[in-house]
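I have placed the structure first, in the form of structure tokens, so that the comments after it can refer back to it.
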Amino acid sequence: MSELASTTRRGWAGLAHADPALQAFVAGLVQSPLPDGVAGWAIGHTTRDAADQAAELAAGRSNAEFGESPHNYQPSMAVDVWPIDNEGNVLDRPDAPEGYRLIAELAEAAGLTGGFRWGWDFGHVELSDWRDRVETWAPPRAGSGTLLALLLGALLLLVRT
Ligand SMILES: [Zn+2]
2 MSELASTTRR GWAGLAHADP ALQAFVAGLV QSPLPDGVAG WAIGHTTRDA
52 ADQAAELAAG RSNAEFGESP HNYQPSMAVD VWPIDNEGNV LDRPDAPEGY
102 RLIAELAEAA GLTGGFRWGW DFGHVELSDW RDRVETWAPP RAGSGTLLAL
152 LLGALLLLVR T
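Numbering (my numbering), first residue to last: 2 to 162.
In structure tokens, the structure reads:
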């Protein structure tokens with residue numbers, strides 16, 4: 002059972018907070034021969050908390066509200082991975098097509114879904130059934146606490162008068 006993420010985790014250390022299937026996928030990627038022009042791999046977000054999800058949304062890097070992204074759960078049900086050059090710079094898809102092709106191939110072979118399927122230009126890989134795993138999730142009901150306080154206040158007023 003996955004719970005909503007209370008902290009954001011990035012990078013290789015964050016991988017420990019990703020679903021085991023994603024960890025195995027990244028391990029396979031690291032063990033594969035490096036494609037031409039690729040010096041290594043960078044890991045981005047695994048878990049992403051509410052503040053960071055809002056920031057991604059505002060920046061146009063995500064179209065999901067908190068709870069609607071596989072990154073918003075612990076363990077994370079998505080990982081972002083990119084090819085890098087010798088200086089550690091992230092390579093875009095046109096500069097490292099073979100790197101992105103390898104990510105997509107290994108993800109599909111592991112039964113995962115890559116963002117490439119939707120034409121994304123970066124290496125987002127997620128559990129194919131992540132939505133099924135969180136179908137019990139519902140957004141918090143805003144204002145229910147406030148409503149209760151108002152009711153109590155009204156009751157106290159009635160008692161006094
Ligand atoms: Zn992602």
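Backbone N, C-alpha and C define an ideal beta-carbon position, used for all residues, glycine too.
Start and end residues, beta strand (DSSP E) containing residue i
i      : result
Trp121 : Note, Trp121: premise wrong, no beta strand (DSSP E); not H, not E.
CA-to-CA distance, residue j to residue i, given in whole angstroms
i      : j      : result
Ala22  : Ala65  : 23 Å
Gly112 : Ser129 : 7 Å
Pro34  : Val80  : 21 Å
Ala43  : Pro71  : 19 Å
Glu4   : Phe67  : 12 Å
His18  : Thr48  : 7 Å
Gly115 : Gly100 : 13 Å
Nearest to residue i (by Cα), restricted to the options the options
i      : options                       : result
Asp133 : Ala97, Gly120, Ala60, Met78   : Met78
His125 : Glu136, Tyr74, Ala110, Ala105 : Ala105
Gly41  : Val27, Ala51, Ala59           : Val27
Asp86  : Trp131, Phe67, Asp37, Trp13   : Asp37
Trp83  : Phe117, Gly61, Glu136, Leu58  : Phe117
Asp93  : Phe123, Trp13, Thr8, Leu103   : Phe123
Residues of its chain near residue i, where Cβ-Cβ distance is below 7 Å and the 5 sequence neighbours each way are ignored
i     : result
Leu20 : In the sequence under discussion, the amino acid at residue 20 is Asp, which differs from the Leu named in the question. Excluding sequence neighbours, Asp20 sits near Pro76, Ser77, Met78, Leu128.
Proximity test, Cβ basis, 7 Å: residue i and chain D
i    : result
Ser7 : The chain labelled as chain D is not found in the depicted structure, where only one protein chain is given.
Delimiting residues of the alpha helix (DSSP H) encompassing residue i
i      : result
Val27  : 21-32
Leu107 : 98-110
Own chain, CB closer than 6 Å to residue i, minus 5 neighbours either side, in chain order
i     : result
His46 : Arg11, His72, Asp81
Just list the beta strand (DSSP E) runs in the region 38-82, keeping only unbroken ones of 3 residues or longer that don't cross its boundaries, in chain order. Whole beta strand (DSSP E) segments, 3+ residues: 41-44.
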